[in-house]
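Trainee: For reference, the structure I am asking about is given below.
Numbering (our numbering), first residue to last: 4 to 328.
In structure tokens, the structure reads:
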């Protein structure tokens, strides 16, 4: 087993990222506080560089490489947000990047990756093995930048937890719970490490799309289980096959639990984010918000933080989802 990242790794990542990323604020809505009978603080990584939290982990990973390794270029696979984080980080270091992306990935995300100078290699997310797609590039010497199951990636995502706890302290509030979108588990595991160090009493919940609740089912079984094939979701950013080995080991120790939400609930949360927070949030970025209505988290009289993990959605798709919500 790879050594699990700890709080010192997250603090080191924060130093590397200082001045390069946005320290996203905490915002709230009186109307939503009233609805949920508590205080809900939202951390909008939608406002982050590249439009999602992913640049935190990607840049930290590239920072951990030697100059010789970076000189060989980097390769990654992603449905879009990690792809943009890797492409942006590679551009900042001036190195070549190749990104394997699903053929059905949102055109906005694909276009952004190409604008940042990375080469895009399309693949079929339902038929192709992602590692088989990138293996030829690895064999040529390029360094793989995984989307979640890597200590440096997890530590980078964990910087959100450092920021969040510092900001909550500045507000004079003690967080009862933090609710986090979950695909492969890099974000939830990284945040949980930072939160458990600062406030062991604070619960951390992971939220996944319905039918892609591999972390929820893995926690229940006590071992990693994969999603059943044949399902789809509007939450394209969170459609991973199974939890990572490293991320699951952290999550099984630290999480209070995991929740699955429907596409309909995610769409309604997107509508509420627009109406009450004045934010455009992509479906996968809104699942933690959607979980507030599930009844599975005790909100009454509590102070709860919600991570809005990304906002990369094109106008047409956003409009269609809003119309159907």
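For every residue, glycine included, the Cβ atom is placed at its ideal position computed from N, Cα and C.
#1: Among the candidates 293, 15, 48, whose CA atom is the shortest distance from the CA of residue 67?
#2: Among the residues of its own chain, which have a CB less than 6 Å from the CB of residue 76, if the five just before and after it don't count?
#3: Counting only runs that start and end within the region 124-152, where is the alpha helix (DSSP H) found for 4 or more residues in a row?
#4: By Cβ distance, which residues of its chain are closer than 7 Å to residue 200, with the 5 residues on each side in sequence left out?
#5: To the nearest angstrom, report how far apart residue 186 and residue 193 are at their CA atoms.
#6: Counting C-beta neighbours from all protein chains within 10 Å, is the total for residue 134 16 or more, i.e. buried, or is it exposed?
#7: Give the single residue among 94, 198, 293, 86 whose Cα lies nearest to the Cα of residue 213.
#8: From residue 85 to residue 328, what distance separates their C-alpha atoms?
#9: Could you check if residue 57 is buried or exposed, using at least 16 other CB atoms within 10 Å of its CB as the buried criterion?
#10: Between the C-alpha atoms of residue 231 and residue 265, what's the straight-line distance to the nearest angstrom?
#11: State the beta-bridge partners of residue 28 as determined by DSSP.
#12: When the Cα atoms are used, what is the spatial distance from residue 273 to residue 285?
#13: Smallest Cα separation from residue 112: which of 28, 275, 55, 44?
#14: Check whether the Cβ atoms of residue 123 and residue 102 sit closer than 7 Å, and answer yes or no.
#15: Tell me the residue span of the alpha helix (DSSP H) that contains residue 61.
#16: Secondary structure at residue 325, three-state DSSP: helix, strand or coil?
#17: Taking only three categories from DSSP, how would you classify residue 238?
#18: Span of the beta strand (DSSP E) holding residue 104?
#19: Starting from the Cα of residue 176, find the closest Cα among 307, 188, 96 and give me that residue.
#20: Find the nearest neighbour of residue 167 within the set 233, 109, 46, judged by alpha-carbon distance.
Mentor: According to the data block:
#1: Along the chain shown, read from residue 1 onward, the residue named residue 67 stands at position 64. Measuring from the Cα of residue 67, the nearest candidate turns out to be 15.
#2: Working through the chain shown from its first residue, we reach residue 76 at position 73. Hits under 6 Å: 98, 99, 145.
#3: Listed in chain order, they are 133-142.
#4: Against the chain shown, residue 200 aligns to sequence position 197. Same-chain partners within the cutoff: 10.
#5: Here residue 186 is taken as the residue at index 183 of the chain shown, counted from 1. Here residue 193 is taken as the residue at index 190 of the chain shown, counted from 1. Rounded to the nearest angstrom, the two C-alpha atoms are 13 Å apart.
#6: The residue you call residue 134 lines up with position 131 of the chain shown. When all chains shown are included, residue 134 counts as exposed.
#7: Within the chain shown, numbered from 1, the residue matching residue 213 stands at position 210. The shortest Cα separation from residue 213 among 94, 198, 293, 86 belongs to 293.
#8: The residue you call residue 85 lines up with position 82 of the chain shown. The residue you call residue 328 lines up with position 325 of the chain shown. Near 27 Å, if we compare the C-alpha coordinates of residue 328 and residue 85.
#9: Taking the first residue of the chain shown as position 1, residue 57 is located at position 54. Counting Cβ neighbours within 10 Å, residue 57 comes out buried, since at least 16 surround it.
#10: To locate residue 231, count along the chain shown from 1; it is residue 228. To locate residue 265, count along the chain shown from 1; it is residue 262. Cα-Cα distance, rounded: 16 Å.
#11: Residue numbering aside, residue 28 sits at position 25 when the chain shown is read from its first letter. For residue 28, which the question treats as bridged, DSSP gives no partner whatsoever.
#12: Here residue 273 is taken as the residue at index 270 of the chain shown, counted from 1. Here residue 285 is taken as the residue at index 282 of the chain shown, counted from 1. The alpha-carbon atoms of residue 273 and residue 285 are separated by roughly 7 Å.
#13: Position 109 of the chain shown holds residue 112. Comparing Cα positions, the closest option is 55.
#14: Position 120 of the chain shown, counting from 1, holds the residue named residue 123. Position 99 of the chain shown, counting from 1, holds the residue named residue 102. Closer than 7 Å, so yes.
#15: In the chain shown, the residue the question calls residue 61 occupies position 58. Residue range 57-67 is occupied by the alpha helix (DSSP H) that includes residue 61.
#16: Indexing the chain shown from 1 puts residue 325 at position 322. Residue 325 sits in a helix when the DSSP states are folded into three classes.
#17: The count along the chain shown starts at 1 and reaches residue 238 at position 235. In this structure, residue 238 counts as coil in the three-state DSSP scheme.
#18: Mapped onto the chain shown, residue 104 falls at position 101. That run of the beta strand (DSSP E) goes 100-105.
#19: Counting from 1 along the chain shown, the entry for residue 176 is found at position 173. Residue 307 is the option with its Cα nearest to residue 176.
#20: Along the chain shown, read from residue 1 onward, the residue named residue 167 stands at position 164. It is 46 whose Cα lies nearest to the Cα of residue 167.
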